[in-house]
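Engineer:
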Amino acid sequence: MKGKRVLIINRGEIAIRVAKALNELGLVSIGVWTDNETEPPHLEFCQEWVHLEGASNRDTYLDIPKIMKLIETHKIDGVHPGYGFLSENREFSQALADKGITFIGPNPTAVYKMGDKAISKQVAKEAGVPVVPGSTGEVGSVEEAVKIGNEIGYPILLKAVAGGGGKGMRPCANESEVKDNFAAVQREALSSFGYAALLVEKYILNPHHIEVQILADKNGNIFHVFERECSIQRRHQKIIEEAPSPFIGTDEALRKDICETAVRCARAVGYDSAGTVEFIMGEDKKFYFLEMNTRIQVEHPITEEVTGVDLVANMIKAAFGEPLDFKAQEDIRIQGHAIELRICAEDPVTMLPAPGKIVGFETTFPQGIRFDHCIYPGFTITPDFDPMIGKLIAKGLNREVALRKVRNALEGLLIDGIKTNIPLHKVILDEESFRKGHYSTAYIEKVRPQDRVPPKEDIKAFMVKVASIEMNNLGGEA
Amino acid sequence: MKGKRVLIINRGEIAIRVAKALNELGLVSIGVWTDNETEPPHLEFCQEWVHLEGASNRDTYLDIPKIMKLIETHKIDGVHPGYGFLSENREFSQALADKGITFIGPNPTAVYKMGDKAISKQVAKEAGVPVVPGSTGEVGSVEEAVKIGNEIGYPILLKAVAGGGGKGMRPCANESEVKDNFAAVQREALSSFGYAALLVEKYILNPHHIEVQILADKNGNIFHVFERECSIQRRHQKIIEEAPSPFIGTDEALRKDICETAVRCARAVGYDSAGTVEFIMGEDKKFYFLEMNTRIQVEHPITEEVTGVDLVANMIKAAFGEPLDFKAQEDIRIQGHAIELRICAEDPVTMLPAPGKIVGFETTFPQGIRFDHCIYPGFTITPDFDPMIGKLIAKGLNREVALRKVRNALEGLLIDGIKTNIPLHKVILDEESFRKGHYSTAYIEKVRPQDRVPPKEDIKAFMVKVASIEMNNLGGEA
Amino acid sequence: MNQEMDEFFLDVELRPGKVLEFTSEGKKTQLQVKVLAGKKYYSFDGIAWKKLAALGVNEVLVSNSETFKVYRGYKPSGLHKGGAGALITQMPGKVVKLFKKEGDTVAKGETVLILEAMKMENEIKAGADGVLRNVSVKEGQAVEAGFLMMEIQDEK
Amino acid sequence: MNQEMDEFFLDVELRPGKVLEFTSEGKKTQLQVKVLAGKKYYSFDGIAWKKLAALGVNEVLVSNSETFKVYRGYKPSGLHKGGAGALITQMPGKVVKLFKKEGDTVAKGETVLILEAMKMENEIKAGADGVLRNVSVKEGQAVEAGFLMMEIQDEK
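Protein chains in written order, with the working numbering: chain A, 64 to 541; chain B, 64 to 541; chain C, 79 to 234; chain D, 79 to 234.
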């Protein structure tokens, strides 16, 4: 495996994370820059820098023929897709397989079966895993969606077949909302994933989003790396994740059940990489298979922090047929608690994206903080990319310690020049039901922490900001 | 405890580590600057900055009356001494106790009994812990040292009563070496610790230095936080530490024995803080009590990394009578493996201190690296302080993974302008017996990795250094 | 400072020793800056210090949930934000759908248009009751951040 | 480069596009520098890039175990280090004890003096066989780094 040349077809913090793992394993990390982002910060960790011509996502990170050409030109042995973009695109993984290039992800069959949410449900059913009622395949028209909705009962959820991360997903309370939203969700699906097909499923109220990390090699070994609770969401996108799940808590039988169910799902498709099986869990602790993400996930760090397993390095080792860092399921244990806050360039009250230029960036963190990010002073967040600019992760001996650390870290995370959701995270971390670990995916909508974000900072905060501008010519070493 | 004002009477990386913990717990971290170091980097993490007048260590960090005055002026509630300086000085802890100031460390009796190595040996013996043969108290003259040497047999070790960290310590192979070295060790003891008294003990050949971390509260709860192996030493100072010990390995009975013996030692003095019981272990796996360090230790991070216990935060909680982050010994478990490399401003071949000005500093680390340091471009390492400028710590799921990570991190640790022991660490990490975990404290002397440090870098490395000078006016944002 | 104000003024003067003196509503406040190990710190009392994050000139101050423009010269460091009745783009994007037209009556909270930005369709709602005036966008139009798309006037 | 050389020369010329051209023993090597996200990087081929650490002017280049002085101007970027026969202080410190005096014969590896620095007593040993000449220190004397304390001359 050493010396293999691996192209990272991604950007931002995940490109950095992948490059770190490649470097550590002795591979050559190769990063790309585009005409839209000529000096991206992820190149800091890449050993070689190559030009992926074009400006829009469609002409760069989503352009399969162009990427295949780059692979040929730069004598690439393997590709890591990160998350989003082409990470779960069956055409791309097939194109790589045809050329004998190692795709750092699962085999094309697993990508096909699990990447397609309609088929994946069928696979799960056959493996004896309970699934949420809904359409059994792609729903081609608004009429079909309405028909299914009437069968299984409202509310229902419209979701992109190719989607993930909450994009291309919208709940509808009745027939008329289905009619209003169907075309818009199709448009979002097309522009985000290059594929417009939709699914329909029953929308469970106040559920917990709990997912299980899978890590498998090419020799048929499939392990789980325990669960994550990702129920704090806004607009169906996760903003806070925890491992282990406070809802499962000390119910070790339930933990074992959901983790082994996830392994069964993975085994059903011959899974052979890092992946995540997502479940919805009701307040009765019954859980249903939702989907399997056949890629590394945004929130993978909390699992790494509590289990000590380097998921990205092991995903790379698996792809090249190397043995994993551990041998048996018993080698993986949870120690302590980890929490991740997604730091986004967005208004903390409306939670709408707020792109702009970061003019100041400083951190003063306690021990036990990991900040996976791509921020630097001068970094411009453009509307072309996801508003997530960093992941603030804390690990502690227990949940209380992890919360203590991450709360202090928020005070020491200074990002000037754009709006961020840092003030919202502060409110959530100080809020009682969250502190107790009592929350479902309805948290943002029902508890409404966004209404308690202080409307303005005090005048001293403004003086500090003015000072940072006026004192700009002061010099110093930085 | 919240809002208490805590003065940190230390500098460098440990002052940073302590300030981080104070901030996290909601206390006010107060750092000092001296006339010798007017803009120390540790103030970055301190909420308040106060002036400790004077330049030499004796006039600042060792000046008890001056520090007591500062405590009064700034309405200080507690003091953290870090390591070295006044951390194990019984007069200082007594002076604080007299004024009702919280000393973040053990009670004065424990400092007295364990801080004094002659008395501590007696305490250990009484607790049924085997000790290395030697003097039972302070050795006042060279004649007395020679007499004991002749009784217990050579080689013997001369050590400062107040010492630690390998300073004020010298082995003597025979009577004449005792005569040659006695006065010099006394001088070192006086200048380093302000106290010249010496001990004599039998010098065990090829031993392992294995120590056990203790954490205790003010309610009589005494826990161990497992062991560290610190056998890679040069001039009796540790340069590489590992947790858990590769020598103990999977011998869980031995691990339990040494850890519980350490708890017995701590219990014998009513210990109530973080501390370390040091043992010498022979190749027969028999171990002897060496001393107890009644302070936080340089190498505490590797224990934090494998157990998830924040030692510094818990030490502070204990001092203020708060409950620890955990309740039972069973709450503390080892996960994976951690290694620490001490990065020193020294010649990698002669291992002699090489102070100077750091002109360049950059890091490119893989995931799982912690770098506790006080380095910045422009930082001048003066001969007044210890040459250790940072601690490069890696955690992995097992020893092999931790070594893989720290080896890659060394490649990404760039320090320009001074000599460092980074090239020596690279040789050690690539050396076979170290990789296998087969080494004793005689490693440096017998395996001699220092002889394999490449004498010169290649010409391209020099070109890069010239470029960094010539391109200095290039600008960029930094 | 009046918490309800949408605009306020801070007079700033640079004093020796890297000290800034602010005057706001007649009250003077001093702020000192120090550079240490390559980083900048500020203090209001010379004892408690905190990191100063900013680097590079910035004409916009961003509060928790509001953006202020900075004016220099004749009104030094004056800050101004838009009122609730102005629909200003918070981000660059594309107008996908317009539900209302010039002269239509809207209620506070009612969706006026859909703006696609950062891969999301965002419903832009009216911030006040009133009548739409000065509508300057049409469906399919790309807009920059800070663009005044329309105003809602209270014509009752 | 001759690995045994204690002195060598690199001609340096700055070319457009942040390119440095080095000439050493007639051979030309180009090195390019880029600034990205506030950090500097270098490359010898324009494809593989690594971080450039240095900041601030430095007259001294430090190799693994040796220190070179940089000369500019008439011998651009020439590097020079002291030979084995010169006892140069590696660090500032205080001479605690002198075991030998001017004119004494010393053997390679023999301890010549004790220098106290960074709280350690360091035995300074002769790097070559020979006779002590130009002894310029006495016991108790404080010395700076880079100070030539004495020389060992081969007088056989």
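All C-beta atoms, glycine included, are put in the ideal place defined by N, C-alpha and C.
Under 7 Å Cβ-Cβ, which residues of chain C neighbour V469 (chain A)?
Structural biologist: Those do not exist, as V469 (chain A) stays about 18 Å from chain C at its closest Cβ, beyond 7 Å.
Engineer: M64 (chain B) by DSSP, collapsed to three states: which one?
Structural biologist: DSSP places M64 (chain B) in coil when its eight states are reduced to three.
Engineer: Pull out every residue of the segment 407-437 of chain B whose Cβ sits closer than 7 Å to any Cβ of chain A, in chain order.
Structural biologist: Per Cβ criterion, the list reads T427, P429, Q430, G431.
Engineer: Using a C-beta cutoff of 7 Å, does W112 (chain B) count as contacting chain C?
Structural biologist: So yes, W112 (chain B) belongs to the interface.
Engineer: Which whole-angstrom value is the C-beta distance of N237 (chain A) and Y217 (chain A), which I expect to be below 8 Å?
Structural biologist: Their Cβ separation, rounded to whole angstroms, is 5 Å, which keeps N237 (chain A) and Y217 (chain A) in contact under 8 Å.
Engineer: Could one say the Cβ of A131 (chain C) lies closer than 7 Å to chain B's Cβ atoms, at least one of them?
Structural biologist: No, because no Cβ of chain B sits closer than 7 Å to the Cβ of A131 (chain C).
Engineer: Which residues in chain D sit within 8 Å of I481 (chain B), going by Cβ to Cβ distance?
Structural biologist: Within chain D, the residues near I481 (chain B) are V140.
Engineer: Rounded to the nearest angstrom, what separates L115 (chain B) and L114 (chain D) at their Cα positions?
Structural biologist: Their backbone Cα atoms lie some 41 Å apart in a straight line.
Engineer: What separation, rounded to the nearest whole angstrom, lies between the Cα atoms of D179 (chain B) and A208 (chain B)?
Structural biologist: So the two alpha carbons sit approximately 18 Å from each other.
Engineer: So V81 (chain B) contacts chain D; which residues on that side make the cut at Cβ distance below 7 Å?
Structural biologist: Per Cβ cutoff of 7 Å: no residues; V81 (chain B) is ~22 Å from chain D at best.
Engineer: Classify L353 (chain B): buried if its beta carbon has 16 or more other beta carbons within 10 angstroms, exposed otherwise.
Structural biologist: Looking at its Cβ environment, which holds 16 or more other Cβ atoms inside 10 Å, L353 (chain B) is buried.
Engineer: Measuring only the C-alpha atoms, how far is G151 (chain D) from I532 (chain B)?
Structural biologist: Unreliable placement is indicated for G151 (chain D), whose pLDDT of 43 sits below 50; the coordinate value is still reported in the next sentence. Looking at the two C-alpha atoms, the distance is approximately 14 Å.
Engineer: Using the C-alpha atoms, what's the distance from N461 (chain A) back to D314 (chain A)?
Structural biologist: Rounded to whole angstroms, D314 (chain A) to N461 (chain A) spans 16 Å at the Cα level.
Engineer: Using only the alpha-carbon positions, how far apart do E292 (chain B) and K210 (chain B) sit?
Structural biologist: Near 33 Å, if we compare the C-alpha coordinates of K210 (chain B) and E292 (chain B).
Engineer: Between the alpha carbons of P154 (chain D) and I421 (chain B), how many angstroms are there, rounded?
Structural biologist: Residue placement at P154 (chain D) cannot be trusted, given a pLDDT of 41 that sits under 50; what the coordinates show is reported in the next sentence. C-alpha separation (whole angstroms): 23 Å.
Engineer: Between A331 (chain A) and K188 (chain A), what straight-line distance do the alpha-carbon atoms span, to the nearest angstrom?
Structural biologist: In a straight line, the C-alpha of A331 (chain A) is about 10 Å away from that of K188 (chain A).
Engineer: Can you find a CB in chain D that lies within less than 7 Å of the CB of E102 (chain A)?
Structural biologist: So yes, E102 (chain A) belongs to the interface.
Engineer: If the cut is a Cβ gap below 8 Å, which residues of chain B does G15 (chain A) touch?
Structural biologist: Look at the range of chain A in this structure, 64 to 541, and you will see that residue 15 (chain A) is not part of it.
Engineer: How would you write the range of the beta strand (DSSP E) that L149 (chain A) sits in, first residue to last?
Structural biologist: Taken as a continuous stretch (DSSP letters only), L149 (chain A) belongs to no beta strand (DSSP E), as it is neither H nor E.
Engineer: Suppose the cutoff is 8 Å on Cβ atoms and the five residues either side in sequence are ignored; what does the same chain contact list for I444 (chain B) look like?
Structural biologist: The answer, listed in chain order, is A408, P418, G419, K420, I421, P450, I452, I481.
Engineer: Nearest to V340 (chain A) by CA position, among A:D479, A:S183, A:I93, A:A260, is which residue?
Structural biologist: Of A:D479, A:S183, A:I93, A:A260, the residue nearest in Cα terms is A:S183.
Engineer: By the 9 Å beta-carbon criterion, what residues does the segment 515-534 of chain A contribute toward chain C?
Structural biologist: The segment 515-534 of chain A vs chain C, Cβ under 9 Å: V516, P517, P518, K519, E520, D521, I522, K523, A524, F525, M526, V527, K528, V529, A530, S531, I532, E533, M534.
Engineer: Is the segment 427-437 of chain B touching the segment 65-76 of chain B in the sense that three or more CB pairs, one from each, lie closer than 8 Å?
Structural biologist: Touching, yes, given that three or more Cβ pairs across the two stretches are closer than 8 Å.
Engineer: Straight-line CA distance for L253 (chain A) to I277 (chain B)?
Structural biologist: Computed Cα separation, rounded: 59 Å.
Engineer: Give me the DSSP bridge partner(s) of C235 (chain B).
Structural biologist: In the DSSP output, where bridge partners are listed per residue, C235 (chain B) has B:I219.
Engineer: Along chain A, in chain order, which residues have C-beta atoms closer than 8 Å to that of K117 (chain D)?
Structural biologist: By Cβ distance, chain A contributes E107.
Engineer: Beta carbons nearer than 7 Å to chain C: which residues of the segment 138-159 of chain A have them?
Structural biologist: Within the segment 138-159 of chain A, no residue has a Cβ that lies closer than 7 Å to any Cβ of chain C.
Engineer: Report yes or no: is there a C-beta of chain C within less than 7 Å of the C-beta of A247 (chain A)?
Structural biologist: Taking Cβ atoms only, chain C reaches closer than 7 Å to A247 (chain A), which makes this a yes.
Engineer: Let me make sure I understand the geometry here. Which of C:K172, C:G116, C:K112 has the alpha-carbon closest to that of D447 (chain A)?
Structural biologist: It is C:K172.
Engineer: DSSP puts C407 (chain A) in a beta bridge; with which residues?
Structural biologist: For C407 (chain A), which the question treats as bridged, DSSP gives the partners A:M451.
Engineer: Return the chain-ordered list of same chain residues with a C-beta closer than 8 Å to the C-beta of L133 (chain B), the five sequence neighbours on each side being excluded.
Structural biologist: Taken in chain order, the residues that qualify are L70, V95, V113, L115, I139.
Engineer: Could you have a look at K96 (chain C) and say whether DSSP puts it in helix, strand or coil?
Structural biologist: The answer is coil: DSSP assigns K96 (chain C) none of H, G, I, E or B.
Engineer: With distances taken between CB atoms, is the gap from G345 (chain A) to P270 (chain A) smaller than 7 Å?
Structural biologist: In this structure, P270 (chain A) lies closer than 7 Å to G345 (chain A) by Cβ.
Engineer: Any Cβ of chain A within less than 7 Å of the Cβ of K159 (chain C)?
Structural biologist: For K159 (chain C), the predicted structure reports a pLDDT of 48, less than 50, and the residue's modelled location is therefore unreliable. A value from the coordinates is still provided. Closer than 7 Å: no.
Engineer: Over the uninterrupted beta strand (DSSP E) stretch that includes N356 (chain B), give me the two end residues.
Structural biologist: N356 (chain B) -> beta strand (DSSP E) spans 350-356.
Engineer: Please report the residue range of the beta strand (DSSP E) in which Y120 (chain D) lies.
Structural biologist: It spans 117-121 - the beta strand (DSSP E) in which Y120 (chain D) sits, taken as one unbroken run.
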